[in-house]
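S.K.: Numbering (our numbering), first residue to last: 54 to 364. For glycine and all other residues, C-beta sits at the position ideal for the given N, C-alpha and C.
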Ligand SMILES: [Fe+2]
């Protein structure tokens, strides 16, 4: 069965996917992702080969017992070894033989979000990405106040202080109703994002923000959020170690697990991408101006400005 993909969300047309620091992680997908969409369609048409990509379960960047005693090996074996693995296996079953087969994980997420009318693969694809991002957001003996100087400046500007940020993040994580995620992100001001529900410019543009998302939803689908840090607030994340006491889990995550080195690095990449996109926008604007001036020239020659002619 071929799934309909809205033309506005094709991966090649998305500014997010071509520029986002978290986009197109080819390591998470096998060889088929190296082919272009055109090549894949061509090969399918000819019936020369079955193009099938298999996502793999990516291990956390540390041993399963490395976050003890805060997050136990038992939790990692259950959370990563069972839940995360199931998302990967279900995703592979769902996309085989569809138009999503052969796309990168990020492309599957954006396409299957389908402007909020979710295609079947969305939840599993997003959960695979979310968990990869979550494991990489932590490290043994993490936590504390270690944002880079640049990041701390923006945190002070947008949250008043580091404590202000931590409080807002904790409150969001505690008040996310049911299962979901909380994200610390850099929000750009893109207005031409086809997949966004409401890409309107707001006072929150070009700022650091804390956002909550239900179930598997993540900020990639809007294309103009650059996630820097996330916490999984599904109960399976804290059931074993904290007996479902979510506030205790959130506090320990912030105090003892967050990898600020990773957050700092994601922030630097996000800023670089946004600056590159701004330069590209400026280049396009100038080109458009030049084209407009060139197009206008013959008309001016025929109907010269009377004031200028009188001088
Ligand atoms: Fe989880």
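1) Ordered along the chain, which non-local residues of its own chain (more than five positions away) have a Cβ less than 7 angstroms from that of residue 176?
2) Looking at the unbroken beta strand (DSSP E) that takes in residue 283, where does it start and where does it end?
3) What do you get for residue 120, buried or exposed, if any count of 16 or more other CB atoms within 10 angstroms of its CB means buried?
4) What residue range is occupied by the uninterrupted beta strand (DSSP E) comprising residue 382?
5) Answer yes or no: do residue 238 and residue 272 have a C-beta to C-beta separation smaller than 8 angstroms?
6) May I ask whether a heavy atom of ligand 1 can be found less than 7 angstroms away from the beta carbon of residue 269?
7) Measuring from each Cβ to the nearest heavy atom of ligand 1, keep the ones under 6 angstroms and list them in chain order.
8) Which residues mark the beginning and the end of the beta strand (DSSP E) in which residue 240 is found?
9) Taking the alpha helix (DSSP H) that residue 141 falls in, what are its first and last residues?
10) How many angstroms separate the CA atom of residue 347 from the CA atom of residue 338?
11) Per DSSP, residue 270 forms a beta bridge with which residues?
12) If you run the structure through DSSP and keep just helix, strand and coil, what is residue 307?
13) Are residue 221 and residue 263 touching if we call contact CB-CB under 8 angstroms?
14) If you reduce the DSSP assignment to three classes, tell me which class residue 330 lands in.
15) If you compare alpha carbons, which of 150, 173, 189 and 223 is closest to residue 112?
16) DSSP three-state label for residue 215, please.
17) When the Cα of residue 161 is compared with those of 148, 170, 169 and 168, which residue comes out closest?
18) Using the C-alpha atoms, what's the distance from residue 259 back to residue 40?
19) Once you ignore the five residues that flank residue 300 on each side, which residues in its own chain have a CB closer than 6 angstroms to its CB?
20) Determine contact between the region 290-298 and the region 122-129, defined as no fewer than three beta-carbon pairs at a distance below 8 angstroms.
21) Give the DSSP-derived three-state secondary structure of residue 320 in the structure shown.
22) Considering only C-alpha positions, which residue in the set 330, 171, 198 and 336 is nearest to residue 313?
23) Determine the DSSP secondary structure at residue 108, reduced to helix, strand or coil.
24) For residue 319, does the count of other Cβ atoms within 10 angstroms reach 16, so buried, or fall short, so exposed?
25) Are there 16 or more other CB atoms within 10 angstroms of the CB of residue 178, so buried, or fewer, so exposed?
26) Please state if the CB of residue 153 and the CB of residue 164 are separated by a distance shorter than 8 angstroms.
27) Determine the closest residue to residue 136 out of 156, 108 and 184, with distance taken between C-alpha atoms.
M.R.: The short version:
1) 268 and 269
2) Where residue 283 is concerned, the enclosing beta strand (DSSP E) stretches over 278-285.
3) Buried is the call here.
4) Because the chain spans 54 through 364 in this model, residue 382 falls outside it and cannot be assessed.
5) Yes; because the gap between Cβ atoms is below 8 angstroms, this pair is in contact.
6) no
7) 132, 136, 184, 285, 287, 289 and 290
8) 233-240
9) 138-148
10) Computed Cα separation, rounded: 14 angstroms.
11) None; residue 270 has no bridge partner.
12) helix
13) yes
14) helix
15) 189
16) helix
17) 148
18) Summary: the structure shown does not reach residue 40, with the chain confined to residues 54 through 364, and so no result is reported for it.
19) 227
20) yes
21) helix
22) Residue 198 is the option with its Cα nearest to residue 313.
23) strand
24) buried
25) buried
26) yes
27) 184
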